[in-house]
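K.L.:
In our numbering, the protein residues as written are 647 to 794.
Note that the Cβ used here is the ideal one computed from N, Cα and C, for glycine as well.
Here the structure is a predicted model, which is why all the values come from computation and not from measurement.
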Amino acid sequence: MLTLGKIDHIHIRVTDVPKALKWYQRVLAMAPDPRYKHMREGPHGAVMLANANGAVRLAVSEDKSGAANHQGDIAFVVSGQDFLEWIDQLAGERVTNRDGQTIARDSVRDHRFFCSLSFVDPFGNPFEIVSYDHTWLVGKLKLNEQLE
């Protein structure tokens, strides 16, 4: 039986590519990967963004219909300490969840063996940051009352 390896990239469709590139760089610290510069041209052109070590890549392209496809969450896994820092980073950027509420420490969801934080980019694309350092995070965030 074949098995899948890691995710190569996740395709994101947006209505304003320059605005999206600025947001992803500022909020998620992702920048255009020069190895994929050739992919930018043509009717299916996309800008490939990557994090500093190249382990996470997003292909960003324009949705000319004006109704960007917002199917499925994109989840990134981080350590417990990084999870706390991401809460503060997203809150500082005034990033919101699907309901339009600004991300804060009370936005964290406890899933019994991992914690998650869901948010959207300016185009409504859903993202999630998860950590499996559950016990440590429950203590730090006092999540016992918020069990889901």
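What is the rounded straight-line gap between the Cα of Ser777 and the Cα of Glu687?
P.N.:
For Ser777 and Glu687, the distance between alpha carbons rounds to 37 Å.
K.L.:
Could you check if Ile653 is buried or exposed, using at least 16 other CB atoms within 10 Å of its CB as the buried criterion?
P.N.:
Counting Cβ neighbours within 10 Å, Ile653 comes out exposed, since fewer than 16 surround it.
K.L.:
Count Cβ pairs between the stretch 738-755 and the stretch 720-727 that sit closer than 8 Å; are there 3 or more?
P.N.:
Because the criterion of three Cβ pairs below 8 Å is not met, the stretch 738-755 and the stretch 720-727 do not touch.
K.L.:
Under a three-way DSSP split, which group does His780 fall into?
P.N.:
Three-state result, His780: helix.
K.L.:
Return helix, strand or coil for His766, following the three-state DSSP convention.
P.N.:
The sequence shown places Val at residue 766, not His. If DSSP states are grouped into helix, strand and coil, Val766 belongs with the strands.
K.L.:
Could you give the DSSP three-state label for Arg751: helix, strand or coil?
P.N.:
Residue state, collapsed to three classes: helix.
K.L.:
Among the residues of its own chain, which have a CB less than 8 Å from the CB of Pro772, if the five just before and after it don't count?
P.N.:
Excluding positions up to five away in sequence, the list reads His716, Gly718, Asp719, Ile720, Arg744, Ser764, Phe765, Val766.
K.L.:
Do you know offhand how far Ala666's Cα is from Thr748's?
P.N.:
Looking at the two C-alpha atoms, the distance is approximately 19 Å.
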